[in-house]
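Working notes for the structure below.
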Amino acid sequence: MTATTTGASRATAPAAAPPAPRRRPRLPFDPWHLLLAPLAALFAAPLVWLLLSSVMSDAEINRFPPALWPSHVDLGGYRYVLGTALFPRWLLNSAVVSAAAVASNLVLGSLGGYAFARMRFAGSRLLLALMLATTAVPFQLTMIPTFLMMKRLGLIDTLGALIVPSLVTPFAVFLLRQFFLSLPRELEEAAWIDGCSRLRVLCAVVLPLARPALATVAALTFLTTWNDLTWPLIALNHDTQYTLQLGLTTFQGQHQTRWSAVMAGNAITVLPVLLAFLCAQRAFVRTVTTSGLKG
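To convert a position in the sequence shown, counted from 1, into the working numbering, add 494.
Here it is in structure tokens:
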């Protein structure tokens, strides 16, 4: 009887649970960061060295081997840039040119992009293809015709010579067109039923939804205009009309260069670019992922 009970208890006893699988240790960050962090540090190294060199003296910058860390903070370069040179005037000129280019690209690029996205007219696709083909033409081939046009308009050696060629770019029109194509037509049709015109639909319905694309166009246009050196070097003659990038070249002489002033000026110049990119970074990613849905 005892043996029978013991056998029954063994038969009804639950089987032993299998051992739990060993969990792999999870990293507190994405594994891709192991690759992206060194790359980010590599790209940030020149910027860090620029900021450190801007607070060095000329003797410390010219020393060999070069110093990687300033022995003491020397603000002589910043004092020379902000006090002696025409740096504030150059900063104002760059701000005026960049602001005018950004505003015009937002207005004209929106009108052109919406026309190519929603309006069908004879030759619209051919016109769009020709417009995009101009982006493949090097600037070296167009700078002489552009210079002659600006000379006939009487804009040489003025800020207008920098603003007029940048009023609208094919990239801005194409990017906004791609974003407008991703928006549903039902929203615009509802506005048309309410009696809105094309322009009213664009301003009241489409543009509020296109803020990421508009921010991207504004940021990229600002970066291109702010960092331009070649065209201002050709179109401007007097130092009072110089932009920031062109004015920085005057700190480099034939026999002597004030490297502390060059580094300080570049550090101040880079600051608005970094702020523009950081402000528009999220909008830029949203626009890239959205504008490629429809071709």
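Positions of the beta carbon are idealized from the N, C-alpha and C atoms, including for glycine.
Computed from a predicted model, the values in this text were never measured in an experiment.
- No Cβ-Cβ contact shorter than 8 angstroms links residue 668 with residue 704.
- Under the three-pair Cβ rule at 8 angstroms, the region 685-694 does not count as touching the region 621-633.
- Under the three-pair Cβ rule at 8 angstroms, the region 562-573 does not count as touching the region 704-721.
- By the Cβ-count criterion, residue 584 is buried, with 16 or more other Cβ atoms from all chains shown falling within 10 Å of its own Cβ.
- For residue 746, the three-state secondary structure derived from DSSP is strand.
- Non-local beta-carbon contacts of residue 759 in its own chain, meaning distances under 7 angstroms to residues more than five positions away in sequence, involve 575, 581, 742 and 745 in chain order.
- In the DSSP annotation of this structure, residue 566 is not part of any alpha helix (DSSP H), being labelled neither H nor E.
- Under DSSP, the beta-bridge partners assigned to residue 751 are 746.
- Residue 665 holds the alpha-carbon nearest to the alpha-carbon of residue 707 among 683, 665 and 735.
- Using a Cβ distance threshold of 8 angstroms, residue 544 and residue 757 count as a contacting pair.
- The region 598-613 makes contact with the region 651-662; the number of CB pairs closer than 8 angstroms reaches 3 or more.
- Ranking 727, 711 and 755 by CA distance to the CA of residue 603 puts 711 first.
- Straight through space, the alpha carbons of residue 616 and residue 733 are spaced by roughly 48 angstroms.
- DSSP places residue 676 in the coil class of the three-state scheme, outside both helix and strand.
- Taking 8 angstroms as the cut-off, the beta carbon of residue 653 is found no closer than this to the beta carbon of residue 739.
- By the C-beta density criterion, residue 724 is exposed, having fewer than 16 other C-beta atoms within 10 angstroms.
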